[in-house]
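First comes the structure, then the notes that go with it.
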Amino acid sequence: MKKLSTIKVTKFNSLKATKEYSNITMFEELNHIKNGTYKSIVKDCREALKQGDKELYTKLKSALPAVTFCGEFNGRKASEIIEYNNLMILDIDDLPQEDFFNIKKVLSNDRYILSLWDSPSGKGLKCLIRINSSIDKHKLIFNSLELYFLENHQIILDKSGKDISRLCFSSWDENIYYNPRSEIYSDIIDSKIEKNKKNKALKPVTLTKSAHATEGLNKKSDRLIMKKIIDYLIKKNLSITSNYNSWVNVALGISYSFSYDVGEKYFLSLCRLDLQKHNEEKSIILLQNCYNNRKINSDEIITFATIIFLAKENGFELKPIKK
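Oh and the sequence shown: position 292 is 422 in my numbering, straight run, nothing missing.
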């Protein structure tokens with residue numbers, strides 16, 4: 131495990147500058163964020179969002195420098211990694227503004243958080259965690275952290291965090307949090323080890339009113355397809371929730387497709403196909419977390435198509451629905 135003072139990251143001049151990069155220390159980048167090296171452009175980014183100009187925001191953000199916290203690279207591809215840093219950089223997007231500061235305060239007290247700062251948008255957080263891992267286990271550590279944040283903070287992480295070569299845009303946050311005594315995260319959830327899927331205690335959840343909203347959900351075509359999928363899986367004695375990734379993705383897909391009262395019935399019908407591996411209480415709590423944290427208007431959601439895809443991987447054939 132590297133000393134924090136020796137960790138170097140690769141910094142690209144902008145999103146499009148694939149050949150224009152240099153290696154700097156992790157501390158240098160964190161100081162850039164704290165001291166406002168890119169304050170002017172970050173303020174412009176936040177103002178563009180405030181005015182509702184997402185196109186301008188995207189253009190401005192893409193001009194910011196971006197770093198690869200997970201390691202040193204000689205290019206933008208994962209295969210071009212030179213040195214692995216045992217770091218995980220996590221995105222927490224589109225936080226409710228009324229809860230933003232409270233969430234940041236709570237996360238600052240989490241024993242695993244090495245550093246935490248506001249994203250360029252000002253509506254999300256970037257989170258840096260030290261991990262006991264290797265390159266080939268990086269995604270498995272992310273799987274575990276994904277569940278950890280869901281269980282302990284009711285937060286759904288952006289799945290881009292599992293990408294070892296993922297770029298993190300520079301930002302500005304004079305109140306950036308840094309804890310050199312943070313603990314090293316080492317739990318692994320391997321999708322091949324099914325027994326790890328549902329064996330941890332989950333915290334009880336209070337379901338929000340929005341979970342029961344029906345507008346744009348419960349489509350007749352989706353309900354017909356879901357019934358066909360469940361009937362097929364029962365007949366073939368198959369499951370699409372037998373590992374951690376599928377379990378979470380199916381829950382998310384259902385939360386974005388159906389109101390809770392309908393979605394719970396479908397989700398439990400699918401989970402029960404795992405037989406003795408299924409835990410009713412934990413599956414319900416997972417689903418409730420997904421409903422409480424869904425962002426209906428986000429461009430990055432797990433759709434009903436994910437459930438169809440998982441079913442097709444198990445031999446399900448989707449035939450045209452007769453009108």
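For every residue, glycine included, the Cβ atom is placed at its ideal position computed from N, Cα and C.
Values in this document were obtained by computation on a predicted structure and should not be read as measured data.
Run through DSSP, which three-state label would residue i get?
{"i": "F439", "result": "helix"}
{"i": "E177", "result": "helix"}
{"i": "A193", "result": "coil"}
{"i": "D421", "result": "Residue 421 is actually Tyr in this sequence, not Asp. Residue state, collapsed to three classes: helix."}
{"i": "F446", "result": "coil"}
{"i": "Y168", "result": "coil"}
{"i": "T198", "result": "strand"}
Looking at the strands, I want to know which residues DSSP matches up with residue i.
{"i": "V139", "result": "I154"}
{"i": "M218", "result": "I259"}
{"i": "F203", "result": "I211"}
{"i": "F299", "result": "A196"}
{"i": "Y315", "result": "I261"}
{"i": "Y187", "result": "In DSSP, Y187 forms no bridge with anything."}
Within the same chain, show all residues whose beta-carbon is closer than 7 Å to that of residue i, passing over the 5 residues directly before and after it, in chain order.
{"i": "I438", "result": "I355, L448"}
{"i": "A435", "result": "none"}
{"i": "P250", "result": "V172, C175, K191, L194, F299, S301"}
{"i": "L234", "result": "Residue identity check: residue 234 is Lys in the sequence provided, not Leu. Contacts found: L246, L255."}
{"i": "I163", "result": "W247, S300, S301, W302, D303, I306"}
{"i": "G291", "result": "M218, I219, L220, D221, F272"}
{"i": "K269", "result": "K292"}
{"i": "V236", "result": "H283"}
Between residue i and chain C, is any beta-carbon pair separated by less than 8 Å?
{"i": "Y362", "result": "Considering every chain present, this structure includes no chain C. It has just one protein chain."}
Which residues in the same chain have their Cβ closer than 8 Å to the Cβ of residue i, if we skip the five residues on either side of it in sequence?
{"i": "A196", "result": "K141, F142, S144, L145, L297, C298, F299, S300"}
{"i": "K132", "result": "N215, N216"}
{"i": "S152", "result": "T140, K141"}
{"i": "I285", "result": "I222, I233, F279, N423"}
Which same chain residues end up closer than 6 Å to residue i when comparing Cβ atoms and leaving out the 5 residues on each side of it in sequence?
{"i": "Y461", "result": "With the chain running from 131 to 453 in the structure shown, residue 461 is simply not present."}
{"i": "L280", "result": "N419"}
{"i": "D174", "result": "L190"}
{"i": "L368", "result": "N444"}
{"i": "E210", "result": "F203, N204"}
Return the Cβ separation of residue i and residue j in integer angstroms, given the expectation that the two are a contact with Cβ distance under 8 Å.
{"i": "E228", "j": "E213", "result": "Actually they are not in contact, since the Cβ atoms of E228 and E213 sit about 41 Å apart, beyond 8 Å."}
{"i": "N215", "j": "I271", "result": "Incorrect: roughly 13 Å between the Cβ atoms, too far for contact."}
{"i": "N422", "j": "A343", "result": "Not quite, the Cβ-Cβ distance comes to about 12 Å (not below 8 Å), so this is no contact."}
{"i": "Y396", "j": "I432", "result": "Rounded, the Cβ-Cβ distance is 14 Å, inconsistent with contact."}
{"i": "Y308", "j": "S245", "result": "5 Å"}
{"i": "N262", "j": "I314", "result": "5 Å"}
{"i": "G393", "j": "L417", "result": "7 Å"}
{"i": "T198", "j": "S351", "result": "T198 to S351, Cβ: 42 Å. No contact."}
When every heavy atom of the ligand COA is checked, does at least one fall within less than 7 Å of the C-beta of residue i?
{"i": "I437", "result": "Among the components modelled here there is no ligand, and therefore nothing to report on the ligand COA."}
(request) For the stretch 226-292, list the alpha helix (DSSP H) runs that are entirely contained and at least 4 residues long, ordered along the chain. (result) 230-238, 268-283
(request) Report the residue ranges of all beta strand (DSSP E) runs contained in full by the stretch 352-398; include only those spanning at least 3 residues, in chain order. (result) none
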